[in-house]
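Read top to bottom, the protein sequences are chains A and B.
For the first sequence, this note's numbering assigns the number 240 to the last residue and increments by one with no breaks.
For the second sequence, this note's numbering assigns the number 1242 to the last residue and increments by one with no breaks.
Ideal Cβ positions, reconstructed from N, Cα and C, are used throughout, including at glycine.
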Amino acid sequence: MNNRLLIIEDNEQNMYLMRFLLEKSGFTVIGAENGKKGIEMALQCKPLAILLDIQLPEMNGYEVAAELKKHRDLDEAPIIAVTSYAMVGDREQILAAGATGYIEKPINPETFVAEIIEYLPIKQGADHAA
Amino acid sequence: MNNPDIKPGSFSSSIAILAVAVAYAVLAKASFLLTIPPGNITPIFPAAGLALAAVVILGPKALMGVWIGSFLANTLFFLDGSTSPVQSGPINVLIGALIGVGAALGAAAGAFFIRRFCKDEHPLQSGKNVLLLIVVGAFGCGMISPTFGVLSLIWGGILPWERFGYSWVTWWVGDAVGTLVVAPLVLAWQHRHAFRTHLWSRAEAVVLGSATLLACFFIFFRNIPCGYGLLPLILWAAFRFGMCGASTIGAIIALLATIGASRGSSPFVGATTNQSLLFLNSFLGVTITSALFMAGMMEERKQAAERMFKLNRSLRAISECNQALIHASDEMALLNRICRLVTEIGGYRLAWVGFAEHDEHKSVKPVAQAGFEDGCLEALQTTWADTGRGQGPIGATIRTGQPRVVHDISANPDGAPGSAEAFKRGAVSSLVLPLKTAGRVLGVLNIYSEKSDDFDPEETNLLIALADDLTYGVVALRTRGQQGQAETALRESEERLRLLGDNLPDSYVYQCTQEANGTSRFLCLSAGVEKLHGLKVDDVLRDATLLRSQIAPDLLPALQAAEAASLSNLTDFTMELRMQSADGQWRWIQVCSRPRRSSAGQVVWDGVATDITARKQADEARQAMEQRLAESEREYRELVMLANSIILRWAPDGRITFLNEFGQRFFGYTAEEICGRHIVGALVPENETDGRDLRSLIQKISDDPQKFERNINENMRRTGERVWIDWTNKVVADAEGQIKEILSIGSDITERKQAEEQVRRLNQDLRRHAETLEQRVAERTSELAAINDEQRAIFESAGTGIVLLRNRVIVRSNRKLEEIAGYEPGELAGKSTRIWYPDEASFQAGREMVYARLATGETLRREQQMARKDGTLYWVRLSLRAFDPNDPLKGAVGIVEDITDEREAAENLRQALEAAQAADRIKSAFLATMSHELRTPLNSIIGFTGILIQGLAGPLNPEQHKQMSMVQKSSRHLLALINDVLDISKIEAGQLNLARAPFELTPSIEKMVKLITPLAEQKGIGVEMDIAPEVGAIVSDQRRLEQVIMNLLGNAIKFTEKGRVRVACRLENDHYLLSFADTGIGMKPEEIPGLFQPFHQIDSGLTRKHEGTGLGLSICKKIIDLMGGSIDVASQWGQGSVFTVRLPRQPGETV
């Protein structure tokens, strides 16, 4: 059963935080620190879902999302944007780019995993339901 | 043992036995004359031969006769005491009996063996058999009798034991030789075939006999030692007369030799008579054995030769018959020939063929015969019915289909009538062969032979084959005959047909087909093609193009088309072809054929071709005549057509003699009415409408018609209507040249005249109008001049530049324009618009665009850069309009405004705007960045503290837990502060953009309530929700609205220690009313105004307890305001507060 989650995040601490929480809940976390690497990893590992930061170096989050959505086999994996939601329009833009949902930074460590699970395809989500 | 040669029943048995007994006794007695005493032993005992022969021929019953004979002879001999040394009677009888038994036994044994080994052959038939007879019969079994005899004699005391050998030998020799001499003799004569009793044979036999007698006489009676002479005689007898001859000669020799020997004059002399006789016997034995042997060989050879001869004969007969069959053409002739061949070559005596008729008598009709006289067979009335007369072999054969052999007719000569007749003519045996085909018996072939038993199985089979072939041949003949008849009939009909085809006068019949490649081929052609085309039938049959090439080439396409049509539709083909025959003559040939499908699926045309040249010529002549006729008709009609003109004939005195139909119709008179009347008054009025005197005109014309060859004058219809006619007048002179008649041909020109009149009138009108116009023009000109002056005044006094253009040239410009452009007065006039443009490129570009726009009829408004006289550039606003959009070049007027200053100001403004916008963007970017930057570290702080507090990174002790919680709380507070600060900044900067999307209000409220419920429960406060059912969707910023709701809810709970918080929502006037009521401490009235200011906090002892940024309500208010709503508060100190938010369901344009 696929329990791999891909996190594309350039900030080390943020990455560590999310990885810690998710791994504690039984997920396998794969990390990538930029968009390009992230796409490669996604294609390689076929994660269950992809957590995507918007503010990324080189390729920004919108481009990454669009790129990811191009690949059919990743179609099933929801893209969850994890971002410090700043401006109105960012939300629409990221959803338009193909994200299934978004989680605002700073994350709530108590509810973060549950929120992630919300976005997962139902079957896997049920297994991990807190 | 069915030896066919032995005829049982020829003698009745008792007579046979008796005969044998008597013969035996007599011979024995005779032999006893030469006995050697004592006893009856004799070296010459022919009776033994007789005994053997009798048993072989007659069978076992002869044994009785032999015994009786032997018994008698011997007993009598012994009873005759003179010769015998024995006294008593009964012994003699016994001895006689015993000897008899011995003789019988010997004969029996010999006969048994001979019968056994000869099987069905005659004992003398082959060399082998003869040897058998000699060795076994004579020498072998001949030992039995002596043994018995001598022993019995010894037992009887007649003979002493010492004499056993000698006696036995003597007895044996005697018996053997006797057998050798007599047995063959009897057997041979008994078996003799019917001799061909030629005269020469008989003579020869006599000669031989005489010679033998003579020789014997000399040898045996005169003792002349020419015993060798007997050899050729024996050979002669053996070769020429076979077994009979050999045995006869042998017997004669034996007899004479014996007699001679007994007299003592034989060449075989011994010490005693007995010895001599023994020698003699050995001589005889050798001689006769040799003779018999040779004869046997000869017999064999002869029989083989005979068989071969017979076979050969039969085969030849069959071969000839088959030849006859092959070459047969007539059934009767064939059958007769066959009969003849059978008799002549086959060597048979008679033959005839009879057909089985199916009449009431079922008679057998003789159809062919050989050897009978005419009518003889017919008279027999042979029948094959199953009645008495039909029981013969013929009837049986026809009924059963199996051949029948009668070996000896003489045995039953009346068995069949045919046989009787045949028998009369010397037939002895007969063979009836059925002629059967396909199971039906047509008839019989009867063959009669002179010899008895002439039809052995081999021969019979051959003859059966012959009969079958004959039958086959007859059937074939019949069939062929039928075929032949049919063929003859066919040939006759073919001949008839051919004659028919060939004798057709001027025609020929044909049959043709088309090959797969499209070429034609004639299948059949009658001789007429020679006469018509000069081609030989065979040549054309071989090569159809010979005929086709005679066709005129221009007809070929049509021909091919017609042929193709006929082929594909299977319709009749008819065409007339022009063809050039071999002698160069052209003919018309009509070809008529009908296609049909042959059995092979090919299309075949049967047709006839006829020479229709004569007919064609007649047709052509007729056609030519018809054409001429048609032409003359046409000419005549043309003439009549001309009578679309009026044809008038009138006499010099003015009387009308003829008016054609057209004229009649035109004027309205019939021929009767008009003829004879004077022109004037009928067709011509007295005066023309204009007044010309027509009467006198007519007179003048009749006086001198030539002068008035063409004349136009007015005429009058019957109705009085006036018409104009253009007349051509011709003189018709008589023989003397006097004017007989005037022929006038006229055409109606009334309309033309009318048109002319109209034109004249129009011209007049025109002239009048022209005068009027000139007047008007003069008036106009003066008006224009006045306008022109006005115009100029406006022109010069205008505040903007005005220019008139024509063909891209400045016609006129006002002073202002010149000033703008920096030119001296009058400088611009007449210049090309090029001088305005800064450069050629802009001039060209401008031209195209400008005039295109002008052509649309619009006013061209444009701002462009132009050049002054000194080259400096300035900006103008140009309005250009063409007078006539269809021809913009013709004239256009333009208004030119100097907008240099304007532009500068605009430019400055634009730059300022850009700067402001840039500043705005910087602000936005700053806020966005700050937002992001500030939140990022907080992510770590909140996140990790959360993890630690949850114990996910390991357990915490209570103190650590407590301290961590404090950190967490502070970091959360910090986050709230940051959020609020950013929000406020945004709002102040006007950067807060609210989203606008429809969403359901109820779930949002519920969600916020759900989130706040834990906190409420913690404080023991109840949260109630009262959402009206009509609350549905709202178009707003969901996130922000939720933020507001959350804030208000939070505040409500924060400031309530006990009781409850109530959220209500309802719809009113297209606005939602959200109310948040709490049972908290409430507020003092003076606090309310400042409630929504930033950084306002309720100053009370409880402040510290309430963590907040102080921004919340101000942000809420700002947000609600931006949403186009309003927020209000109603509060009672100590009772609680109610915050009411009013929001439009859909924001208006202004938001």
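With its beta carbon less than 7 Å from one in chain A, B:Ile1033 belongs to the interface. A distance below 8 Å between beta-carbons, with the five flanking residues on each side excluded, links A:Met169 to the following residues of its chain, in chain order: Asn144, Gly145, Lys146, Glu177. The alpha-carbon separation between A:Ile189 and A:Gln165 amounts to approximately 15 Å.
By the neighbour-count definition (other C-beta atoms within 10 Å, threshold 16), B:Arg354 is an exposed residue. For A:Leu116, the uninterrupted beta strand (DSSP E) segment begins and ends at 114-118.
Of the residues B:Asp465, B:Thr473, B:Gly256, the one whose Cα lies closest to the Cα of B:Glu448 is B:Thr473.
Contact annotation, B:Asn1138 with B:Gly1203: C-beta distance approximately 5 Å; criterion of less than 8 Å satisfied. Of all alpha-carbon atoms in B:Arg612, B:Leu1213, B:Pro1176, B:Thr1036, the one lying nearest the alpha-carbon of B:Ile1078 is that of B:Leu1213. One finds nothing in chain B with a Cβ atom closer than 9 Å to the Cβ of A:Gly208; even the nearest lies about 18 Å away. The three-state reading of DSSP puts B:Ser367 in helix, counting H, G and I together. At least one CB atom of chain B sits nearer than 7 Å to the CB of A:Ile217. Taking 4 residues as the shortest admissible run, the region 619-680 of chain B contains the following complete alpha helix (DSSP H) segments, listed from N- to C-terminal end: 619-624, 628-633, 636-639, 647-660.
For B:Asp1117, the enclosing beta strand (DSSP E) begins and ends at 1113-1118. Annotation: B:Phe203 to B:Phe446 spans about 49 Å, alpha carbon to alpha carbon. Counting only Cβ-Cβ distances below 8 Å, B:Gln1041 has contacts in chain A at Pro219, Glu220, in chain order. Neighbours of A:Phe130 in chain B, taken as residues at a C-beta separation under 9 Å, are given in chain order as Gly1034, Phe1035, Ile1038, Leu1043, Ala1044.
Straight through space, the alpha carbons of B:Glu887 and B:Val902 are spaced by roughly 14 Å. Among the CB atoms of chain B, none fall inside 7 Å of the CB of A:Asn113. For a cut-off of 8 Å, the C-beta gap from A:Leu131 to A:Pro219 is around 6 Å, short enough to register as a contact. It is roughly 9 Å from the alpha-carbon of B:Tyr965 to the alpha-carbon of B:Ile911. Rounded to the nearest whole angstrom, the CA to CA distance from A:Ile149 to B:Arg1233 is 47 Å. In this structure, the straight-line span from the alpha carbon of B:Thr924 to that of B:Arg871 is close to 33 Å. DSSP, read as helix, strand or coil, puts B:Ile1125 in strand. Distance between B:Gln573 and B:Ala502, taken at the CA atoms: about 45 Å.
Under the 7 Å criterion on CB atoms, A:Asn170 is classed as non-interfacial with respect to chain B. Only residues of its own chain outside the window of five on either side were considered, and among them Ser611 have a CB closer than 7 Å to the CB of B:Arg639, listed in chain order. Below the 7 Å Cβ cutoff, chain A contributes Ser194, Lys215, Pro216 as neighbours of B:Arg1026, in chain order. Rounded to whole angstroms, the gap between the alpha carbons of B:Ser1217 and B:Ala1080 is 21 Å. Of all C-beta pairs linking the region 823-831 of chain B to the region 847-855 of chain B, fewer than three are shorter than 8 Å, placing the two stretches out of contact.
Interface criterion not met: the Cβ of A:Gln203 is under 7 Å from no Cβ in chain B. Only Lys1077, Gln1082, Leu1083, Asn1084, Leu1085, Ala1086, Ala1088 from the region 1076-1095 of chain B bring a Cβ to less than 9 Å from some Cβ of chain A. Apart from sequence neighbours up to five positions away, the residues of its chain that approach B:Arg1063 with a beta-carbon distance below 8 Å are Ile1033, ordered along the chain. B:Ala715 has its alpha-carbon roughly 47 Å from the corresponding atom of B:His769. Residues Val146, Leu154 of the same chain have their beta carbon placed closer than 7 Å to that of B:Ala199, with the five preceding and five following residues left out of the count. Residue-level contact by beta carbon fails for B:Leu1132 and chain A, as no gap is shorter than 7 Å. Short of 7 Å from the beta carbon of B:Ser1022, and not among the five residues preceding or following it, lie these beta carbons of its own chain, in chain order: Leu1073.
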